[in-house]
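Working notes, beginning with the structure itself.
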Amino acid sequence: MSKKIKGKEWYSIVAPELFSNKVLGQTPVDDQKKLIWRKVETPLINLTNDMNKYYFKVNFRIINIKDKNANTEFSGLECLRDYVSRMIRHGIDRIDTVQKLTTKDDKKIIVKSVLVTNRKVKRGTEKSINDFVKNNIKKIVESNKLDLFLTKVIDDSVKRQVMKEGSKIYPIRNFEFRKIEVPTNQI
Numbered sequence: 001m002s003k004k005i006k007g008k009e010w011y012s013i014v015a016p017e018l019f020s021n022k023v024l025g026q027t028p029v030d031d032q033k034k035l036i037w038r039k040v041e042t043p044l045i046n047l048t049n050d051m052n053k054y055y056f057k058v059n060f061r062i063i064n065i066k067d068k069n070a071n072t073e074f075s076g077l078e079c080l081r082d083y084v085s086r087m088i089r090h091g092i093d094r095i096d097t098v099q100k101l102t103t104k105d106d107k108k109i110i111v112k113s114v115l116v117t118n119r120k121v122k123r124g125t126e127k128s129i130n131d132f133v134k135n136n137i138k139k140i141v142e143s144n145k146l147d148l149f150l151t152k153v154i155d156d157s158v159k160r161q162v163m164k165e166g167s168k169i170y171p172i173r174n175f176e177f178r179k180i181e182v183p184t185n186q187i
């Protein structure tokens, strides 16, 4: 007796409302339960059509299925390592920050950022820049919902604010969010 092979059905993977519910792609699956919690990664260019953001990848997790659409939720934003390494040069300082923060809508996120100065700085100056960046990002995250914070990160308003105000302490060459993660137990 031969076993009947169960056919697979195609499901469209849809981005969250923050990214205008754009279709990220399609995937075949024999049981729709296998789609839940599957990770999807796509370049930010595909979602915003902004070629200046070629160095960002956005991560999503499929959270539910409606009709033939697999709805996703934001799970992370990541800057390419190549881009970060190109920012670093000989004779300058790199200041990294890692923070566990909570947004206004009670979502816990991990924010990793990198700041590059124009020249080498003394330890005291480096510490004051680090404290400034941490306090500034904390204030912005805690006063905004996750979607609004991500919008500000994508349109560079947070980056411009940190660079403008941080340059009063010491000239800043570049600032970028290296990674923004939503831990799995938050979704």
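Numbering-wise, my numbering puts 127 at position 127 of the sequence shown, and it's gapless, one number per residue. Every residue gets a Cβ at the ideal spot worked out from N, C-alpha and C, and that includes glycine. Since we're looking at a predicted model, the values are computed, not measured.
Ignore the nearest five residues each way along the sequence and tell me which others in residue i's own chain have a CB closer than 7 Å to its CB.
i	result
K104	E142, S143, N144 and K145
I5	In this predicted model, I5 has a pLDDT of only 48, less than 50, meaning its place in the structure is not dependable; the value taken from the coordinates is given anyway. Answer for I5: no residue qualifies.
V162	V133, N136 and F175
D147	L18
I45	M51, K53 and Y54
In three-state terms, what does DSSP make of residue i?
i	result
I169	coil
V182	coil
D96	strand
G124	helix
R89	coil
R119	coil
L35	coil
N49	coil
R57	It is worth fixing the name first, because residue 57 is Lys in this sequence and not Arg. It is a strand residue.
K159	helix
N174	strand
L146	helix
L80	coil
Take the Cβ of residue i as the centre, count every other Cβ of all protein chains shown within 10 Å, and call the residue buried at 16 or more, exposed below.
i	result
V98	exposed
S20	exposed
I140	buried
S113	buried
V153	buried
I62	buried
I95	buried
I129	buried
I109	buried
I187	Only weak support is given to the placement of I187: the predicted model assigns it a pLDDT of 49, under 50, and the question is left unresolved by the model.
Between which residues of its own chain and residue i is the CB-CB distance below 8 Å, once the five residues before and five after are set aside?
i	result
E165	F132 and N136
E41	K57, V58, N59 and F60
I169	T125, S128, I129 and F132
Judging by CA-CA distance, which residue of the options is the nearest neighbour of residue i?
i	options	result
V111	T125, P183, N69 and R86	P183
R173	K152, I88, I36 and K100	I88
A15	K120, L80, K8 and G25	G25
T117	S167, L35, K53 and N49	S167
V84	N64, K34, I65 and Y54	Y54
D67	T125, E181, S12 and P171	S12
R38	T27, L47 and P171	T27
N69	S157, E9 and N49	E9
N49	L35, L101 and D155	D155
Where DSSP assigns a beta bridge to residue i, which residues make up the other side?
i	result
Y11	T27
L101	I109
K66	N69
Give me, in chain order, the residues of the same chain whose beta-carbon lies closer than 6 Å to that of residue i; leave out the 5 immediate sequence neighbours on both sides.
i	result
E78	K57 and K179
K120	D93
K122	none
E181	G76 and I110
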